[in-house]
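Here's the structure we're looking at; comments come further down.
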Amino acid sequence: MHLTWLDEPTLDAVRDGLRRVAPDLADATIVPRGLEPADDPQWCAASAVVDDRFVVKFAWAQPPARRIWHETQVLDALRAAAPRLPLPEVVTASRAPAMLVTRRVSALPFFDIRHLIGPADRNPAARDLATVLADLHHPDVLHTVSDAIGPPPDPTTQAATHTTTDTLRDRFGVLVRPDQRDRVLSWCDWADHTLAAPGRTVLVHGDFHGGNHLWDRHTLRLRLIVDLETAGAGEPEFDLRCLPADCGIDLFTATVAHYQELTGTNLDMHRIMAWHLRTVLGDALWRAEAGVALPDNRTPAQWVDSLTARFTALGTFH
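The UniProt record's numbering applies: residue 1 is where the sequence shown begins, and numbers increase by one.
Set out below in structure tokens:
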């Protein structure tokens with residue numbers, strides 16, 4: 001069956017798609033999230049809560065339709081490859097149109113609960129993060145998923161905020177203070193050197209930021225990992241690249257320690273921070289150039305200051 005997608009970003013189009021994919025839900029209450037026109041086909045996708053019990057993902061262009069179908073295949077393969085992973089329960093999925101319906105879970109994105117994690121909660125939270133990543137990164141998982149769906153893509157080229165260091169050198173300097181420009185250039189040179197040799201290869205989530213792992217607000221334990229649209233073959237360090245900022249240094253380093261204990265393998269902190277650098281500056285660049293506010297409403301220059309503080313705390317870059 002050929003891959004297709006919705007004709008337009010409207011509630012009527014979503015209902016029409018549900019009539020073909022999940023007829024019982026077509027007349028239910030639909031609360032869309034991100035259902036608005038986009039100039040770039042890459043962003044022509046959204047989700048909705050249906051009947052307060054289900055989450056449906058859909059697209060109205062080919063690139064996100066492909067990502068939705070890829071996620072559907074990955075979730076199916078991971079059921080056998082990593083049964084302990086806290087994955088969404090798939091209710092139904094379709095290629096024509098590309099739709100993925102999962103059961104809704106009462107949980108919050110990590111961004112919404114991280115301020116509640118105090119010193120006493122840090123170790124369990126770190127263990128939860130490390131356990132999920134260790135299970136996903138087990139060598140057998142990549143082999144099983146590859147056998148089921150074919151070779152997964154390279155997430156470093158699939159990530160929405162992928163930005164090369166050459167791009168950062170050329171265009172980031174105008175966004176920061178004059179005293180920060182040489183620092184950014186040095187960081188880019190350091191990241192290129194650090195990532196010049198390839199790392200080991202595992203199955204990675206590809207976009208493991210604080211909006212894509214969901215937590216119980218009462219127990220402060222991880223309940224679900226979501227949005228595996230860019231899951232693919234990459235190095236473990238790539239999956240930890242958002243944690244230094246999302247979690248803070250103490251929770252991040254605790255997660256690294258638990259991961260190494262669980263897997264019996266070492267993580268290269270320099271590689272994590274090189275990917276972190278590219279991700280943070282890339283995110284700031286595209287948002288600034290698109291006229292989109294940074295998530296915390298600060299400036300790119302302030303993000304550079306925060307990066308400097310994280311490098312100093314970790315002793316990673318000199």
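Glycine residues also receive a C-beta, built at the ideal position from the N, C-alpha and C atoms. As the structure is a computational prediction, the values presented were derived from the model and not from experiment.
Within 9 Å, strictly: CB atoms of residue i and residue j
i: A130; j: E261; result: yes
i: P152; j: A231; result: yes
i: H258; j: L203; result: no
i: W5; j: A98; result: yes
i: L175; j: L285; result: yes
i: F54; j: T10; result: no
i: A134; j: T263; result: yes
i: R169; j: V145; result: no
i: D52; j: R15; result: no
i: V56; j: L100; result: yes
i: V31; j: T92; result: no
i: R84; j: M1; result: no
i: V280; j: A254; result: no
i: L214; j: V132; result: no
i: I225; j: L314; result: no
i: A288; j: R177; result: no
i: D239; j: G206; result: yes
i: V50; j: L18; result: yes
i: S106; j: D216; result: yes
i: D227; j: E71; result: yes
i: F208; j: L251; result: no
Where the beta strand (DSSP E) through residue i begins and ends
i: L222; result: L222 to I225
i: A33; result: Position check: residue 33 holds Arg in this sequence, whereas Ala was assumed. I30 to R33 is the extent of the beta strand (DSSP E) around R33.
Anticipated Cβ contact below 8 Å, residue i with residue j, distance rounded
i: P139; j: G234; result: Going by Cβ atoms, the distance from P139 to G234 rounds to 13 Å, so no, they are not a contact pair.
i: E237; j: D268; result: 6 Å
i: R114; j: C247; result: 7 Å
i: I272; j: R241; result: 6 Å
i: D7; j: W60; result: 7 Å
i: A82; j: V141; result: 5 Å
i: T316; j: H270; result: 6 Å
Endpoints, alpha helix (DSSP H) assigned at residue i
i: R171; result: T165 to R171
i: P300; result: P300 to L314
i: A26; result: From DSSP, A26 is part of no alpha helix (DSSP H); its letter is neither H nor E.
i: V145; result: P139 to I149
i: W275; result: M269 to A290
i: G264; result: Premise fails: G264 is in no alpha helix (DSSP H) and is neither H nor E.
i: residue 320; result: The shown model of the chain, from 1 to 318, leaves out residue 320, and the question about it has no answer.
i: A293; result: Element bounds for A293: n/a, residue is neither H nor E.
i: A13; result: L11 to V21
Contact test: residue i Cβ vs the ligand NAP heavy atom, cutoff 8 Å
i: T316; result: The ligand NAP is not part of this structure, which contains no ligands at all.
### Cβ contact check for the stretch 26-33 and the stretch 113-123: 3 or more pairs under 8 Å
no
message: Does the contact criterion of 3 or more C-beta pairs under 8 Å hold for the stretch 105-115 versus the stretch 57-67?
response: no
Touch test, the stretch 161-170 against the stretch 186-193, Cβ-Cβ under 8 Å, three pairs minimum:
yes
Open item on the list: As an exercise, report each continuous beta strand (DSSP E) stretch of at least 3 residues that is fully enclosed by the stretch 51-120, in chain order.
Closed with: 54-59, 90-95 and 98-103
message: Quick check on the DSSP output: what are the complete beta strand (DSSP E) runs of length 3 or more inside the stretch 191-245, in order along the chain?
response: 202-204, 213-215, 222-225 and 232-234
* Decide yes or no for the touch test of the stretch 27-43 against the stretch 72-81: beta carbon pairs closer than 8 Å, at least 3 of them. => no
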